[in-house]
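Novice: As numbered in UniProt numbering, residues 1 to 390 make up the sequence shown, in order. Glycine included, every Cβ here is placed at the ideal spot set by N, Cα and C. My structure is below; once you've seen it, I'll send some questions.
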Amino acid sequence: MNSPIGTNSTPSQPRHLNFQVIAVTNSAEQKMFLDVPTTVYAHDRNWVSPLRSDIAKKFDPSNPFFQYGRLQQFVAIRDAKPVGRIVAAVNDRLVDREGKKIGIFGFFECIENFEVAQALLNAASQWLREQEMTEVRGPIDLSTHNNCLFLVDGFDSPPMVMMPYNPSYYPKFLEQDGWHKAKDAYAYDFPLDKPLSPEFEKGYKIACKSGVNFRPLQTKGEGFEQDAISLYNLFTKAFSDNWSSTPRTQEEFLEEAKSLQSLVDPDVFPIAEYNGEMIGFWMGLPDYNIPLKHVNGKLNWLGVLKFLWHRRQIDQGRVIAICSLPEFRRKMVPLALIYLGMSGGIQKGKPYKRAELSWVYEDNFASRKLIEASGGKVYKTYRMYEKTLV
């Protein structure tokens, strides 16, 4: 982590306000940083606390991010209590890819006070200026493969697993501070009580006749490890041009895959193969936010018991990605994967009543057309913001 920036070096401490923004430099300040969401969401019934240990791990020197990036955490303190936080970061891979000096901010949380929010944003911006950045984008928690985006519409329901959530005043604060929209993304709602159009089953049959094989993801032993490596290779190839995204190392991808291994339902994770090579997948996960809501961010022995108990209440899932290599789209592989994924979710004995496909950028018209043809309806909107650093 970089050397701390004292409060005197940031323009974010209006002296007439009873708070200050400081750079996180020790374990006590780190604890306050991690404590902020508990205050912000104390009365929000829809908030689901991420695991505290997962957030703390992002700032551990062992995080592969530090091989290609640098960051600084800030926390806002009022009356000896944390009331806001932010992280400024430089992801050198993003800078190299976009060919411009663009920094990022993330992990933003703040009480409903614009002056506190502005002070945090100013502190992050000033640090990025000192890193010679000329633009800033966010929210991005170090990488778009982690948590990113602000929810701007659809605050009436909890987020699904691994999706962002925030108070409705966050976007308003950014716009008040002069930030502008960079891009929107959508979450689609899929009710599972309506059958798919016959075209999807037809697409599945065409894909099979074209020599494409389909099977569930392997979830145990060497089979899982082999599939995880194949998924990494396919992800890297298929999504290499995603906006504001940079490739993960295989180490980073496999670490995340292992953390999700025990949570996968193979019936909603079909794989497409051609001549023994993985060429597509439908990545579905049960909505583990339902049991996580009851553990308050801590998987200690009591948290594990609560998680296992409330896990039985899961009745919905999230589709994280539908992927097919371009040369296999004519073989109807995307339609086939949708058919298999949806069929797997509604088969006898499955608890799923609805699914969410998220997130999809607003200008990804090819994917949006396919999703909407299969019955998906936009029900949440998310936004990325940018600002020029002057």
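Considering Thr249, what are the terminal residues of the alpha helix (DSSP H) in which it resides?
Specialist: Translated into positions along the sequence shown, residue 249 becomes position 249. Counting along the chain, Thr249 falls outside any alpha helix (DSSP H), and DSSP gives it neither H nor E.
Novice: Assess contact between the segment 255–268 and the segment 280–297, defined as three or more Cβ pairs (one per stretch) separated by less than 8 Å. Is contact present?
Specialist: The segment 255–268 is in contact with the segment 280–297.
Novice: Going by C-alpha distance, which of Leu192, Trp179, Lys306 is nearest Leu389?
Specialist: The count along the sequence shown starts at 1 and reaches residue 389 at position 389. Ranking the options by Cα distance to Leu389, first place goes to Trp179.
Novice: Over the uninterrupted alpha helix (DSSP H) stretch that includes Pro167, give me the two end residues.
Specialist: As a position in the sequence shown, residue 167 is number 167, starting the count at 1. It is not in any alpha helix (DSSP H) - Pro167 carries neither H nor E in the DSSP assignment.
Novice: Per DSSP, what kind of secondary structure is Leu263 in: helix, strand or coil?
Specialist: In the sequence shown, counting from the first residue as 1, residue 263 sits at position 263. Helix at Leu263.
Novice: Tell me which residue opens and which closes the beta strand (DSSP E) that Cys110 is part of.
Specialist: Within the sequence shown, numbered from 1, the residue matching residue 110 stands at position 110. Element bounds for Cys110: 102–110.
Novice: For the beta strand (DSSP E) that contains Val243, what are its first and last residues?
Specialist: Residue mapping note: residue 243 aligns to position 243 of the sequence shown, counting from 1. It is Trp, not Val, that sits at residue 243 in the sequence shown. Trp243 -> no beta strand (DSSP E), and no H or E assigned at all.
Novice: Taking only the alpha-carbon atoms, compute the straight-line gap between Ala272 and Arg78 and give it to the nearest angstrom.
Specialist: The residue given as residue 272 occupies position 272 in the sequence shown. The residue given as residue 78 occupies position 78 in the sequence shown. Distance between the alpha carbons of Ala272 and Arg78 is about 54 Å.
Novice: Using the three-state DSSP reduction, which class does Pro82 fall into: helix, strand or coil?
Specialist: Reading the sequence shown from its first residue, position 82 is the one you call residue 82. Residue state, collapsed to three classes: strand.
Novice: Among Ala123, Glu255, Cys148, Pro334, which has the Cα closest to the Cα of Ala23?
Specialist: For this step, residue 23 is matched to residue 23 along the sequence shown. The candidate whose alpha carbon is nearest that of Ala23 is Ala123.
Novice: Should Glu222 go down as buried or exposed, given a rule of 16 or more other Cβ atoms within 10 Å for buried?
Specialist: For the purposes of this step, residue 222 is taken as the residue at position 222 of the sequence shown. Exposed, because fewer than 16 other Cβ atoms sit within 10 Å of the Cβ of Glu222.
Novice: Who are the near neighbours of Leu231 in its chain, counting only those whose CB is closer than 6 Å to its CB and skipping five residues on each side?
Specialist: Residue numbering aside, residue 231 sits at position 231 when the sequence shown is read from its first letter. So the list is empty, once near-sequence residues are dropped.
Novice: Tell me, which residues are paired with His310 by DSSP?
Specialist: For this step, residue 310 is matched to residue 310 along the sequence shown. Partner(s): none; His310 has no beta bridge.
Novice: Got a sec, what are the start and stop residues for the alpha helix (DSSP H) Ile338 sits in?
Specialist: Counted from its first residue, the sequence shown places residue 338 at position 338. From DSSP, the alpha helix (DSSP H) with Ile338 extends over 333–346.
Novice: For the segment 100–117 and the segment 81–91, state whether three or more C-beta atom pairs, one from each stretch, are separated by less than 8 Å.
Specialist: The segment 100–117, when compared against the segment 81–91, does touch it at the 8 Å Cβ threshold.
Novice: In terms of residues, what are the limits of the alpha helix (DSSP H) holding Phe33?
Specialist: Translated into positions along the sequence shown, residue 33 becomes position 33. Element bounds for Phe33: 27–40.
Novice: Are the beta-carbon atoms belonging to residue 391 and Leu128 less than 8 Å from one another?
Specialist: Beyond the ends of the chain as shown, which are 1 and 390, falls residue 391; an answer cannot be given.
Novice: Measure the alpha-carbon distance for Phe65 versus Glu201 and round it to whole angstroms.
Specialist: Locating residue 65 in the sequence shown gives position 65, where the first residue counts as 1. Locating residue 201 in the sequence shown gives position 201, where the first residue counts as 1. Near 42 Å, if we compare the C-alpha coordinates of Glu201 and Phe65.
Novice: Going by DSSP, what residue range makes up the alpha helix (DSSP H) through Phe114?
Specialist: Residue numbering aside, residue 114 sits at position 114 when the sequence shown is read from its first letter. Looking at the DSSP string, the run of the alpha helix (DSSP H) that includes Phe114 is 114–130.
Novice: Using a Cβ-Cβ cut-off of 7 Å (strictly less than) and excluding sequence neighbours within five positions of Pro11, which residues of its own chain qualify?
Specialist: To locate residue 11, count along the sequence shown from 1; it is residue 11. Because the pLDDT at Pro11 is just 39, under 50, the model does not fix this residue reliably, and the point stays unresolved.
Novice: Which one of Gly349, Tyr352, Met384, Tyr339 has the shortest CA to CA distance from Pro195?
Specialist: Within the sequence shown, residue 195 is the residue found at index 195, counting from 1. When each option's Cα is compared against that of Pro195, the closest is Tyr339.
Novice: Please identify the residue among Ala187, Lys298, Val161 whose C-alpha is closest to the C-alpha of Gly154.
Specialist: Counted from its first residue, the sequence shown places residue 154 at position 154. Taking only the C-alpha atoms, the option nearest Gly154 is Ala187.
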